[in-house]
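As numbered in the numbering used here, residues 154 to 296 make up the sequence shown, in order.
Virtual Cβ for every residue (Gly too), placed ideally from N, Cα, C.
What you are looking at is a predicted structure, and each value in this text was computed from that prediction instead of being measured.
Below: the structure, in structure tokens.
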Amino acid sequence: MITDVLRSRRAQQQQWADTKRVAYVRFLTSLAQAHSRMTMAAAREEIGPARTQAIHDAFLSDPQHSDAKSVLRELAIAAPDHIYEAAVPVYHQLRTARDMLAADGANFETPAYQQVIQSFFTNLDSLQRLMRDDLQPPVSHRH
154 MITDVLRSRR AQQQQWADTK RVAYVRFLTS LAQAHSRMTM AAAREEIGPA
204 RTQAIHDAFL SDPQHSDAKS VLRELAIAAP DHIYEAAVPV YHQLRTARDM
254 LAADGANFET PAYQQVIQSF FTNLDSLQRL MRDDLQPPVS HRH
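As structure tokens, then:
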């Protein structure tokens with residue numbers, strides 16, 4: 154009976170880890186894809202309101218229906234607090250980058266944009282490491 158309980162507990166832990174892994178991958182992917190769509194929209198060299206709308210649409214229009222804001226809400230449910238708290242500013246940095254790109258006269262070389270996007274990628278890498286560490290199985294202490 155003890156073996157069955159332990160087996161059941163391991164199965165539940167694995168199922169929870171799998172749930173978190175899916176949410177983590179979806180969030181990281183949604184951010185990367187939103188960034189890619191935004192830069193593609195910005196590279197089209199539209200101007201004025203058309204540029205702003207194209208970049209905002211690119212940020213929000215995920216063809217797989219997993220926009221970053223929606224997946225951030227999944228993280229709020231599935232992720233430990235420290236991971237969710239690390240994810241929120243990464244999402245906000247991408248929104249800031251979106252708004253900078255959407256502004257008239259902004260481009261990829263603008264120092265302010267470069268600062269925001271470099272910070273975004275640095276924090277995205279840190280978030281990915283936190284997520285990976287969270288998914289590692291606990292170290293067993295066998296003697």
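Practice problem: Tell me where the alpha helix (DSSP H) around A231 begins and ends. | Solution: A231 -> alpha helix (DSSP H) spans A221 to A231.
Exercise. State the CB to CB distance for the pair S183 and D220, rounded to an integer number of angstroms; the pair is presumed to be in contact (CB under 8 Å).
Key: Between D220 and S183 the Cβ distance is about 6 Å, and since that is below 8 Å, they are a contact.
Practice problem: Could you have a look at S293 and say whether DSSP puts it in helix, strand or coil? | Solution: Interpretation of S293 is limited by its pLDDT of 49, a score under 50 that renders its predicted location unreliable; no figure is taken from the coordinates.
Quiz item: Exposed or buried, what is A265 when buried is set at 16 or more other beta-carbons lying within 10 Å of its beta-carbon?
Solution: Of the residues assessed, A265 falls on the exposed side of the cut-off, its CB having fewer than 16 other CB atoms within 10 angstroms.
Quiz item: Looking only at its own chain, which residues have a Cβ that is under 7 Å from the Cβ of N276, when we skip the five neighbours before and after it?
Solution: These residues qualify, in order along the chain: P242, V243 and Q246.
Quiz item: With I236 and D287 assumed to form a contact (beta carbons below 8 Å), what rounded beta-carbon distance in angstroms separates them?
Solution: Cβ-Cβ separation between I236 and D287: approximately 6 Å, consistent with a contact (criterion under 8 Å).
Practice problem: Would you tell me roughly how many angstroms separate the C-alpha atoms of T205 and A256, rounded to the nearest one? | Solution: T205 and A256: Cα-Cα distance of roughly 7 Å.
Quiz item: For the alpha helix (DSSP H) that E262 lies in, which residues bound it at each end?
Solution: Premise fails: E262 is in no alpha helix (DSSP H) and is neither H nor E.
Quiz prompt | Cβ-Cβ distance between W280 and A239 below 8 Å | solution = The question names Trp, but residue 280 is Leu in the sequence shown. Against a cut-off of 8 Å, the Cβ pair of A239 and L280 comes out as a contact.
Self-check item: Minimum C-alpha distance to Q289 - residue among M193, W169 and T156
Solution: The shortest C-alpha to C-alpha distance from Q289 to any of M193, W169 and T156 is the one to W169.
Quiz item: To the nearest whole angstrom, what separates the beta carbons of L254 and M191, a pair I think is in contact under 8 Å?
Solution: Indeed they touch by this definition, with Cβ atoms about 6 Å apart.
Quiz item: First and last residue of the alpha helix (DSSP H) that includes S189?
Solution: The continuous alpha helix (DSSP H) containing S189 extends over residues I155 to A196.
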